[in-house]
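Numbering (our numbering), first residue to last: 53 to 541.
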């Protein structure tokens, strides 16, 4: 209080003094400055003291702390923003029957969905329809934005999809059509009917059935189609018969077993064991004594492999004239090996990377596009409740002449589809030996050498080797170079 009084008296004194000589303006400024100093509460020490280096240092430290705190706060805010963005990403559920067959699809879905800003939720049902139902129920509760479903059982999801429709979550049927429900918005697949037509036309061309017909001859054929509960298998069968029916009707093609309908030829759940046992029965009953059909038409590659095993067990040798034309579908790894070796004629390649890309595009356009997703078929895919708008991806015929494109496009590595080494022994030419050895290569003169067996002469037979012209034995049926050997040369 004393200090304030002193300052006031000093101000009055200075004002009086300055008015006399320095003028009115300077006095006003001084008084104003004094009043301002008092208003700010500036004490004597603050006016006279010069900040020490330590004080400056403390102030700078405080400034640095404040700056760091600001930066940390900004960083935290950015992290929170990223977390919020991550949490707000739409989830797309991709439900697949099993991991073994569907890994390529899953990888492609994961990549494309993430690229478009979605969070993919990929689950496998391990071929258990009840498990797939549970997955749908759980993900519906999580309020995913859309379902992509390759059904374990196309007829087994009707009830659970009613709640999905009530939740207004769109469903996209993938590869196989989900039946008996109006919850399905769109369907993406390869055209089963078109694939069947491709297989039929390839058989007609390769076996020259028109020439066979003109010559009033015939070719025998047997059928092993896809699963009886699979809509695409039925479509393939229908397309195949559209191409071959006229040749069956006029006797150019003869099915000795009489198994021609889809019910008689379908292999439930794509069972390789069922296909093999059925092939063995047909061979035993209708093609005895090592005979075989001219053509064996299968709707999937595992059936083609099973038929080959049954043929070999029945004594039919690959690479001989009696070996039938075996068709397949799917271009599985083992099938491509058989194609490369010549034991399977061809298969149909369906690039599921393309299928997954197309389905992801449909999902994205449906959720956020200005127009409806693109479809190229709105006629033939009726799931029992309504016709489903469908996009059909294209497939490609693969045979021994072009199978390497599957390596070039990265679908398989060269090692994955390299033909297995043949087990057929190569013919061995007997050679002369100047002196008998422990295991001579010559056989006694009176015994005709064969590549399959070489006798070791007894000591009495080794007394004096007899020279004779070497001759190349005629190869037996099993010694005929297989297509695998030719491919390696």
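Here a beta-carbon is modelled for each residue, glycine too, at the ideal position from N, C-alpha and C.
Judged by DSSP secondary structure, residue 448 falls within the beta strand (DSSP E) whose first and last residues are 448-451. In the displayed model, residue 323 falls within coil according to three-state DSSP, outside both helix and strand. For residue 199, the enclosing beta strand (DSSP E) stretches over residues 198-201. Excluding sequence positions up to five before and after residue 212, its CB lies within less than 7 angstroms of the CB of 185, 188, 189, all in the same chain and listed in chain order. Nearest Cα to residue 429 within the set 443, 238, 295, 224: 443.
Spanning the alpha carbons of residue 437 and residue 231 requires a straight line of approximately 8 angstroms. As computed with DSSP, residue 442 is found in a beta bridge with 239, 429.
Within the same chain, and ignoring the five residues on either side of residue 405 in sequence, the residues whose Cβ sits closer than 7 angstroms to its Cβ are 156, 160. With a threshold of 16 other beta carbon atoms within 10 Å, residue 439 falls short and is exposed. By a beta-carbon distance limit of 8 angstroms, residue 314 contacts residue 277. Their separation comes to about 6 angstroms. As the crow flies, the alpha-carbon of residue 254 is around 16 angstroms from that of residue 272. DSSP places residue 352 outside both helix and strand once states are collapsed to three, so it counts as coil. In chain order, 416 place their CB closer than 6 angstroms to the CB of residue 168, counting only its own chain and leaving out the 5 sequence neighbours on each side.
Residues of the same chain with a CB within less than 7 angstroms of the CB of residue 367, apart from the 5 flanking positions on each side, are 342 in chain order. Assigned with DSSP and collapsed to three states, residue 271 falls in strand. Taking all protein chains shown into account, residue 465 has fewer than 16 neighbouring C-beta atoms within 10 Å of its C-beta and is therefore exposed.
As far as DSSP is concerned, residue 298 takes part in no beta bridge. Of all alpha-carbon atoms in 369, 348, 153, 435, the one lying nearest the alpha-carbon of residue 327 is that of 348. Excluding five sequence positions before and after residue 446, none of the CB atoms of its chain fall closer than 7 angstroms to its own CB. When secondary structure is reduced to three states using DSSP, residue 395 falls in the coil class, being assigned neither helix nor strand. By alpha-carbon distance to residue 221, the top candidate from 166, 247, 145, 262 is 145. Measuring C-alpha to C-alpha distances from residue 203 to each of 264, 227, 363 identifies 227 as the nearest. The C-alpha of residue 178 lies about 48 angstroms from the C-alpha of residue 263.
In this structure, the straight-line span from the alpha carbon of residue 288 to that of residue 449 is close to 14 angstroms.
Counting along the chain, residue 212 sits inside no beta strand (DSSP E); it lies in the alpha helix (DSSP H) bounded by residues 210-218. With 16 or more neighbouring CB atoms inside 10 Å of its own CB, residue 229 falls in the buried class. Going by beta carbons, residue 274 and residue 307 fall inside the 8 angstroms limit. Counting along the chain, the unbroken alpha helix (DSSP H) around residue 256 starts and ends at 244-258.
In the displayed model, residue 406 falls within a helix according to three-state DSSP. Rounded to the nearest angstrom, the Cβ distance from residue 421 to residue 402 is 26 angstroms, too far for a contact under 8 angstroms. DSSP places residue 148 inside the beta strand (DSSP E), whose first and last residues are 143-148.
Taking a contact as a CB-CB distance under 8 angstroms, the pair residue 376 and residue 356 does not count as one, their CB atoms being some 11 angstroms apart. For the pair residue 170 and residue 143, the Cα-to-Cα distance works out to about 6 angstroms.
CA-CA distance, residue 434 to residue 283, rounds to 10 angstroms.
Burial of residue 412 is indicated by the presence of at least 16 other C-beta atoms within 10 angstroms of its C-beta.
In the three-state DSSP reduction, residue 456 falls in the coil class, being neither helix nor strand.
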